[in-house]
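Undergrad: My questions will all concern the structure given below.
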Amino acid sequence: MPIHRNAGADTLALHAGQTPDPVHRSRATPIHFTTSYVFEDSEQAAALFNQERAGHVYSRISNPTNAVLEERIAALDGGVGAIACASGQAALMLAITTLMGTGGHIVASRSLYGGSHNLLGYTLPRFGIHTTFVPAGDHQAWRDAIRPETRLLFGESIGNPGLEVLDIPAISTIAHDARVPLLVDATLVTPALQCPIDLGADLVMHSATKYLGGHGVAIGGLLVDGGSFDWEGSGGNFPTLTEPYDGFHGMDFTEESSIAAFLLRARREGLRDFGACLSPMNAFQILQGMETLGLRMERHVANARQLVAHLVKHPLVESVSWPELDSHPDHALAARLLPKGCGGVFSFSLKGGRKGGTAFIEGLRLFSHLANVGDAKSLAIHPASTTHFRMSPEALLAAGITEGTIRLSTGLETATDLIEDLDRGLYAAQKATA
Amino acid sequence: MKHSLPPYHYTGGRKIEAGRPTILFIHGAGHDHSVWTLQSRHFASHGWNVIAPDLPGHGRSAGPQLGSIEALADWVVDFASGLGLGRVALAGHSMGSLIALEAAARAPERVSHLMLIGSVAPMPVAAPLLDATLSNRDKAHAMINQWSYAPRAQLGASSIPGMNLTALNERLMQRQAAGVLHRDMAACNAYTGGFDAAARVICPSLLLSAALDRMTPPKASAPLAAAFPDTTRLHKVVIPGAGHAMMSEAPGAVLDALWNFVSAFPSSAQEQR
Numbered sequence: 000m001p002i003h004r005n006a007g008a009d010t011l012a013l014h015a016g017q018t019p020d021p022v023h024r025s026r027a028t029p030i031h032f033t034t035s036y037v038f039e040d041s042e043q044a045a046a047l048f049n050q051e052r053a054g055h056v057y058s059r060i061s062n063p064t065n066a067v068l069e070e071r072i073a074a075l076d077g078g079v080g081a082i083a084c085a086s087g088q089a090a091l092m093l094a095i096t097t098l099m100g101t102g103g104h105i106v107a108s109r110s111l112y113g114g115s116h117n118l119l120g121y122t123l124p125r126f127g128i129h130t131t132f133v134p135a136g137d138h139q140a141w142r143d144a145i146r147p148e149t150r151l152l153f154g155e156s157i158g159n160p161g162l163e164v165l166d167i168p169a170i171s172t173i174a175h176d177a178r179v180p181l182l183v184d185a186t187l188v189t190p191a192l193q194c195p196i197d198l199g200a201d202l203v204m205h206s207a208t209k210y211l212g213g214h215g216v217a218i219g220g221l222l223v224d225g226g227s228f229d230w231e232g233s234g235g236n237f238p239t240l241t242e243p244y245d246g247f248h249g250m251d252f253t254e255e256s257s258i259a260a261f262l263l264r265a266r267r268e269g270l271r272d273f274g275a276c277l278s279p280m281n282a283f284q285i286l287q288g289m290e291t292l293g294l295r296m297e298r299h300v301a302n303a304r305q306l307v308a309h310l311v312k313h314p315l316v317e318s319v320s321w322p323e324l325d326s327h328p329d330h331a332l333a334a335r336l337l338p339k340g341c342g343g344v345f346s347f348s349l350k351g352g353r354k355g356g357t358a359f360i361e362g363l364r365l366f367s368h369l370a371n372v373g374d375a376k377s378l379a380i381h382p383a384s385t386t387h388f389r390m391s392p393e394a395l396l397a398a399g400i401t402e403g404t405i406r407l408s409t410g411l412e413t414a415t416d417l418i419e420d421l422d423r424g425l426y427a428a429q430k431a432t433a
Numbered sequence: 000m001k002h003s004l005p006p007y008h009y010t011g012g013r014k015i016e017a018g019r020p021t022i023l024f025i026h027g028a029g030h031d032h033s034v035w036t037l038q039s040r041h042f043a044s045h046g047w048n049v050i051a052p053d054l055p056g057h058g059r060s061a062g063p064q065l066g067s068i069e070a071l072a073d074w075v076v077d078f079a080s081g082l083g084l085g086r087v088a089l090a091g092h093s094m095g096s097l098i099a100l101e102a103a104a105r106a107p108e109r110v111s112h113l114m115l116i117g118s119v120a121p122m123p124v125a126a127p128l129l130d131a132t133l134s135n136r137d138k139a140h141a142m143i144n145q146w147s148y149a150p151r152a153q154l155g156a157s158s159i160p161g162m163n164l165t166a167l168n169e170r171l172m173q174r175q176a177a178g179v180l181h182r183d184m185a186a187c188n189a190y191t192g193g194f195d196a197a198a199r200v201i202c203p204s205l206l207l208s209a210a211l212d213r214m215t216p217p218k219a220s221a222p223l224a225a226a227f228p229d230t231t232r233l234h235k236v237v238i239p240g241a242g243h244a245m246m247s248e249a250p251g252a253v254l255d256a257l258w259n260f261v262s263a264f265p266s267s268a269q270e271q272r
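Protein chains in written order, with numbering that gives the first Met the number 0: chain B, 0 to 433; chain U, 0 to 272.
Structure below.
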């Protein structure tokens, strides 16, 4: 059951989590650039440490600027709370380590951001946490991959690199049948386009570096708890949440908070011990971006639609992959789960192969050639010559990429200027491969 | 949801010890013990036994749910007596305040302090809300949140870093079994014994209100305050800036009010320490 929002999304994006500070009456969210907070007296200090009183102690654990950001994303996503992290990767790691230790198992979509795939496929096995990757759209594969030690299902709202749309209602049902939570990476959609918790997800993570911040200036991550998962009712599978924790006064987190046990443990252990906290400066910059999230996402989507419409009919373009297109396998799913649009990231394949791709990139003037998405400025990358340059044509195909694949992150520029720039790149590709 | 028999009770993270004063926190409609976490932990780490039960049929406690304030008060008296810890201080929020009031009247010799938080008597429940608790829980939860939180809390600025308080409350109400909220609300609506009960209270009492409470506004508590006998030491405190959900909106102010009150009227168990 989705949580009611106390205001519209654009209002929440501007106001949630913040009221003007009572001392200076600052309208903007102040940047609390401080490591620590002066105790009123010894009694209050002890009360803060024992969680008898709410408040801030040390900025690795919590910070007033970060708290505004946390509340804001929770309000937008329909969560009971959130934790700001140093990056999206830190948010993912925090979610996993809060739920499981050695012996834990994850079932994840095969269509993941490369960084997440590295963490799950290569790094976490060193710590005894293993992942089975399944095709995002193969529901039976998700079911079949679940083992007794599975503690998490994980996928992206829109996957990488094929922009596969995750059927969140269906996968969450599979997860809940197995008494396991579903974590969704909603980086490419943001709450402006989709709120996974409303669709059945239990946890949501964002690389706030991308659309939430929106201006390519700050790295950050956010982990949101929907508060709907019954940890206590999961047959003892989550002892980190349901058993006393010697590391924090013997606290049993589900006893302490019937609803927000996950966040309590994540903050009291994960932020405290692993320390991947967000700088309050970054939190401020991400908050500034979020104030215009709704407006920006509308423009990202509108611009992407114009670019896609131009590319699909261009003679040098072999194919365009975007879930809004009829040709995309998840078109119907996207229409159902992403009615406001599929964001601004899409890919297309040039007929000129690797050489054409390189020439295209070098022919661009407005698009920036770099490895990021979700910036206000338009971005482009040619995976075969950059992120995937060591891979053979066969290996590229297995990863859903051709030698001529270009990934674009559509920015907020005037669409006709972007189209002109694409034509410039396409002309360069044509010349190079003629 | 795990159920336990005898009824589940939270102890503020500390073990119960004989010889300590005891405070029993009673939650409101559609809630469980977790609404008292911060205040509970403070009392427990400052020399008190804390008992914060999930009322029958709520949270981790098995049913059957009890359908009247009087029955719940009898249950509290029996439950407190069964603890074998002597007199107890009773603190109740909203519906819990009516239970505490009625229990203090029914067993005055067993109650050392009475703390009524967000309380009025009678406590009529608006017909649209009562209907919604039966026909459309989701709508009822939205109405409760709208009336329970001050405007500031509606948009966040939570007292608890990173938490979305209204969402937390909504999930807590969703977590209760179907019908629980309706039976609680109906029990509040039907309770008419508040003035008679107040007249029989003999222990020091606190009426703790929140200035922006739209469910039980401070002004509306005046008739209840007037019903206490002149001999009862009745303290009235109004917390500024908070609404009906004051334990989460202003947890420190609620704690201070409770702690100052019990400190001003030490019971024999407190004095022994």
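Virtual Cβ for every residue (Gly too), placed ideally from N, Cα, C.
Report all residues from its chain with a CB closer than 7 Å to the CB of Y7/U; omit the five preceding and five following residues, and keep chain order.
TA: Taken in chain order, the residues that qualify are P52, D53, G58, R59 and S60.
Undergrad: Residues in the region 2-35 of chain B with C-beta within 7 Å of chain U's C-beta atoms, listed in sequence order?
TA: Within the region 2-35 of chain B, the residues whose Cβ lies closer than 7 Å to some Cβ of chain U are I2, H3, N5, A6, H14, A15, G16, Q17 and T18, listed in chain order.
Undergrad: Would S157/U count as contacting chain B if we go by Cβ distances under 8 Å?
TA: Chain B, which has a Cβ nearer than 8 Å to the Cβ of S157/U, makes this yes.
Undergrad: Which runs of the beta strand (DSSP E) fall wholly inside the region 123-182 of chain B and span at least 3 residues, in chain order?
TA: Whole beta strand (DSSP E) segments, 3+ residues: 129-133 and 149-155.
Undergrad: Have a look at G77/B and N65/B and give me their C-alpha separation to the nearest angstrom.
TA: If you take the alpha carbons of G77/B and N65/B, they lie about 18 Å apart.
Undergrad: Please confirm whether any heavy atom of the ligand NAP lies closer than 7 Å to the CB of G56/U.
TA: Judged by which ligands are present, the structure shown has none, so any question about the ligand NAP falls away.
Undergrad: So is R304/B in contact with chain U if we call contact Cβ pairs under 8 Å?
TA: So, not an interface residue.
Undergrad: Check N48/U in the structure and name its three-state DSSP category.
TA: DSSP places N48/U in strand when its eight states are reduced to three.
Undergrad: How many Å lie between L205/U and Q153/U at the Cα?
TA: Distance between the alpha carbons of L205/U and Q153/U: 27 Å.
Undergrad: Between the Cα of H31/B and those of L68/B, P392/B and A12/B, spot the shortest distance and give me the residue it belongs to.
TA: The shortest C-alpha separation from H31/B is found at L68/B.
Undergrad: Are the Cβ atoms of S227/B and N159/B separated by less than 8 Å?
TA: No.
Undergrad: Using the three-state DSSP reduction, which class does H299/B fall into: helix, strand or coil?
TA: In the structure shown, H299/B sits in a helix (DSSP, three-state: H, G or I).
Undergrad: Taking the alpha helix (DSSP H) that F345/B belongs to, which residues open and close that run?
TA: F345/B -> not in any alpha helix (DSSP H); beta strand (DSSP E) instead, spanning V344 to L349.
Undergrad: Put A61/U into one of helix, strand or coil per three-state DSSP.
TA: It is coil, neither helix nor strand.
Undergrad: According to DSSP, which residues form a beta bridge with T404/B?
TA: The partner list for T404/B (beta bridge, DSSP) reads S348/B.
Undergrad: What in chain U is Cβ-close to N281/B, meaning under 8 Å?
TA: None at all; the shortest Cβ gap to chain U is about 16 Å.
Undergrad: Counting only Cβ pairs nearer than 8 Å, list the residues of chain U close to V79/B.
TA: The answer, in chain order, is M162, N163, A166, L167 and R170.
Undergrad: Which value, in whole angstroms, describes the spacing of the CA atoms of L133/U and L421/B?
TA: So the alpha carbons of these two residues sit roughly 59 Å apart.
Undergrad: What runs of the alpha helix (DSSP H), each 4 residues or longer, lie entirely inside the region 221-300 of chain B?
TA: As far as the region 221-300 of chain B is concerned, its whole alpha helix (DSSP H) runs of at least 4 residues are 238-241, 252-255, 260-264 and 279-289.
Undergrad: Using DSSP with H/G/I as helix, E/B as strand and the rest coil, what is S9/U?
TA: The sequence given here places Tyr at residue 9/U; Ser does not occur at that position. Strand.
Undergrad: Which word fits T101/B, buried or exposed, when buried means at least 16 other C-beta atoms lie within 10 angstroms of its C-beta?
TA: So T101/B counts as exposed.
Undergrad: So, under 8 Å CB-CB, L292/B and L211/B are touching, yes? Tell me the CB distance rounded to an integer number of Å.
TA: Indeed they touch by this definition, with Cβ atoms about 7 Å apart.
Undergrad: Name the DSSP beta bridge partners of F24/U, please?
TA: Answer is A90/U, bridged to F24/U.
Undergrad: For the beta strand (DSSP E) holding H205/B, just list the boundary residues, first then last.
TA: H205/B -> beta strand (DSSP E) spans L202 to S206.
Undergrad: At the level of alpha carbons, what is the spacing between I167/B and V203/B?
TA: Each residue's alpha carbon lies about 11 Å from the other.
Undergrad: Kindly indicate the opening and closing residues of the beta strand (DSSP E) around K235/U.
TA: L233 to I238 is the extent of the beta strand (DSSP E) around K235/U.
Undergrad: Which of the three DSSP states, helix, strand or coil, is assigned to L363/B?
TA: In this structure, L363/B counts as coil in the three-state DSSP scheme.
Undergrad: In terms of alpha-carbon separation, which member of E155/B, D176/B, G199/B and P180/B lies closest to V188/B?
TA: V188/B has its Cα closest to that of E155/B, out of E155/B, D176/B, G199/B and P180/B.
Undergrad: So N48/U and E16/U are in contact, right, with Cβ under 8 Å, and what is the actual spacing, rounded?
TA: Yes, N48/U and E16/U are in contact; Cβ-Cβ is about 7 Å, under 8 Å.
Undergrad: Between the region 109-120 of chain U and the region 205-218 of chain U, can you find at least three pairs of beta-carbon atoms closer than 8 Å?
TA: A contact exists between the region 205-218 of chain U and the region 109-120 of chain U.
Undergrad: Quick one: using the 10 Å Cβ neighbour count with 16 as the cut-off for buried, is E393/B buried or exposed?
TA: Label assigned to E393/B: exposed.
Undergrad: Closest to S257/B by CA distance: which of I25/U, W35/U and F227/U is it?
TA: Here the closest residue by C-alpha is W35/U.
Undergrad: At a cut of 8 Å, does the region 315-330 of chain B reach the region 112-130 of chain B through at least three beta carbon pairs?
TA: Because the criterion of three Cβ pairs below 8 Å is not met, the region 315-330 of chain B and the region 112-130 of chain B do not touch.
Undergrad: How would you call S35/B, buried or exposed, if buried means at least 16 neighbouring beta carbons within 10 angstroms?
TA: The residue is exposed, with fewer than 16 neighbouring Cβ atoms inside 10 Å.
Undergrad: Cα separation between G83/U and I60/B?
TA: Approximately 40 Å, taken between the alpha carbons.
Undergrad: So the candidates are A90/U, L171/U and H181/U; which of them puts its Cα closest to the Cα of A125/U?
TA: It is H181/U whose Cα lies nearest to the Cα of A125/U.
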